[in-house]
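Its first residue numbered 321, the sequence shown is counted upward by one per residue in the numbering used here.
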Amino acid sequence: MGDWREQAACHHKDPDLFFPIGTTGPAVRQTQRAKAVCGRCRVREQCLDWALRTGQSGGIWGGTTEMERRALNRRVGIRRRP
């Protein structure tokens with residue numbers, strides 16, 4: 321089956337699409353376009369898992385923004401505590 325990245329919907333897209341600069345104006349539209357690509361990706365979960373495990377701080381990964389991944393990490397961290 322190969323590397324999950326080869327199966328990603330973004331594989332042949334311009335990587336800049338997934339790294340919007342800022343969170344307002346044109347960056348909002350760019351984020352929406354990137355998330356739309358992720359929305360039809362069959363390896364979205366693997367992508368998100370990889371981004372969380374490797375601490376990807378910037379960009380859109382698995383259909384999530386940096387702030388969304390931080391929130392996920394906080395929730396997961398809370399659940400892991402004894």
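Beta carbons: idealized from backbone N, C-alpha and C, even for Gly.
Asked	Found
Between which two residues does the alpha helix (DSSP H) containing VAL357 stretch?	346-359
Can you tell which of THR385, ASN393, HIS331 has the C-alpha that lies nearest to the C-alpha of THR351?	THR385
As a quick exercise: from VAL396, ALA347, VAL363, TRP324, pick the residue whose alpha carbon is nearest that of GLY383.	VAL363
CB ILE380 to CB PRO346, shorter than 9 Å?	no
Exposed or buried, which one is ARG389 when buried takes at least 16 other CB atoms within 10 Å?	buried
Could you give the distance in angstroms between the alpha-carbon of GLN327 and the alpha-carbon of ARG394?	29 Å
Is it buried or exposed, ALA423, if we count other Cβ atoms within 10 angstroms and call 16 or more buried?	Here the chain covers residues 321 to 402 and nothing more, so residue 423 does not appear.
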